[in-house]
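Numbering (our numbering), first residue to last: 411 to 680. Cβ atoms here follow ideal geometry from the backbone N, Cα and C, with glycine treated the same way.
See below:
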């Protein structure tokens, strides 16, 4: 949900007086200033915990801002009572931590079909943007190699709060090699939710759809359910759902609190 990155940045560019290269240099300088490390993995090794264990993070101010913004937007669609606790009950504006953010996501999922879940995420994403933002994005980032590579570079710092550490990688898009891929080392959202359905319906599909259809920049996300890593491919059109391997995954029966151990495919993917 990298779309969140554009909300706090407030970069004002007059494209009449600067070409793309000048814009690119300017935005990179601003990103470097804004994204100085504020938090990180709290594991002694400095890398995500192995499969089956939950990675510990030190979340800073900006991470908690994002968690709270998203959770508050999603709360109006959530059913039931919050399960996570202590942090969510604290007073003050920044009352959400990552666990309570995931809990809100889970409560949004419950009682909704796959398409209804995806529609909620779309509405939340649109509500985070100022009016006319998708049209402005299309003007600033037309579907070119440069736009794909630039958005991949943006994803690494701004996606960190949601998915954990990632890196830009070289990929091949329509026969052309370019650095428009992002490899998420171990997705924090999938790791904390333990839910295949939440990964596909509330992250992968709506994010792909938002970039491809709202922003006009194709995006494919390929989660690896064996190790919880994920690859984001900017510039590559996503496959039809019935052809996507992610839509045929079983539940994490040992991790998901709403898993169906007898189902060959996660029920939330039907």
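Residue 602: member of the alpha helix (DSSP H) spanning 598 to 603, first to last residue. Fully contained in the stretch 550 to 635 are the following alpha helix (DSSP H) runs of length 4 or more, in chain order: 555 to 568, 570 to 573, 598 to 603, 606 to 609 and 615 to 619. Shown here, residue 641 sits in a strand according to DSSP, grouped into three states. For residue 512, the CB contacts under 6 Å within the same chain, skipping 5 residues up- and downstream, are 602 and 603 in chain order. Residue 465 counts as buried, since at least 16 other C-beta atoms from the protein chains shown sit within 10 angstroms of its C-beta.
Taking residue 632 as the centre and dropping the five residues before and after it, the same chain places the C-beta of 641 closer than 6 Å to its C-beta, in chain order. In this structure, residue 518 and residue 530 form a Cβ contact; the two beta carbons are roughly 6 Å apart against a cut-off of 8 Å. Short of 6 Å from the beta carbon of residue 598, and not among the five residues preceding or following it, lie these beta carbons of its own chain, in chain order: 573 and 574. If you ignore the 5 residues before and after residue 528, its C-beta comes within less than 8 Å of the C-beta of 611, 612, 615, 616 and 619, all in its own chain and listed in chain order. Residue 462 and residue 680 have their C-alpha atoms spaced approximately 26 Å apart. Take residue 678, set aside five residues on each side of it, and the residues of its chain with a beta-carbon closer than 7 Å to its own are 519, 524, 607 and 611, in chain order. Proximity of the stretch 561 to 569 to the stretch 537 to 550 falls short of the contact definition, fewer than three beta-carbon pairs being nearer than 8 Å. Under a 10 Å Cβ-count criterion, residue 637 is classified as exposed, with fewer than 16 other Cβ atoms of the shown protein chains found around its own Cβ.
A Cβ-Cβ contact shorter than 8 Å links residue 451 with residue 458. Residue 543 is not a Cβ neighbour of residue 590, given a cutoff of 8 Å.
Residue 586 and residue 560 have their C-alpha atoms spaced approximately 16 Å apart. Look at residue 467 here: in three-state DSSP terms it is strand. Cβ-Cβ separation between residue 588 and residue 580: approximately 7 Å, consistent with a contact (criterion under 8 Å). Distances from the CA of residue 473 to each of 664, 504 and 532 were compared; the closest alpha carbon is that of 504. Annotation: the continuous alpha helix (DSSP H) that includes residue 513 extends over 508 to 519. DSSP links residue 456 through a beta bridge to no other residue. Closest in alpha carbon position to residue 471, among 671, 537, 644 and 506, is 506. Non-local C-beta neighbours of residue 635 in its own chain, meaning closer than 6 Å and more than five positions away in sequence, comprise 659, ordered along the chain.
Here residue 628 really is in contact with residue 553; their C-beta atoms are around 7 Å apart, less than 8 Å.
Within the same chain, 604 and 605 come within 6 Å of residue 666 by CB-CB distance, once the 5 residues on both sides are set aside.
In summary, residue 596 is buried, with 16 or more beta-carbon neighbours lying within 10 Å of its beta-carbon over all protein chains present. By the criterion of a C-beta distance shorter than 8 Å, residue 622 is surrounded in its chain by 628, 629, 647 and 648, once the five residues flanking it on both sides are discounted.
Between the C-alpha atoms of residue 555 and residue 626 there is a straight-line separation of about 13 Å.
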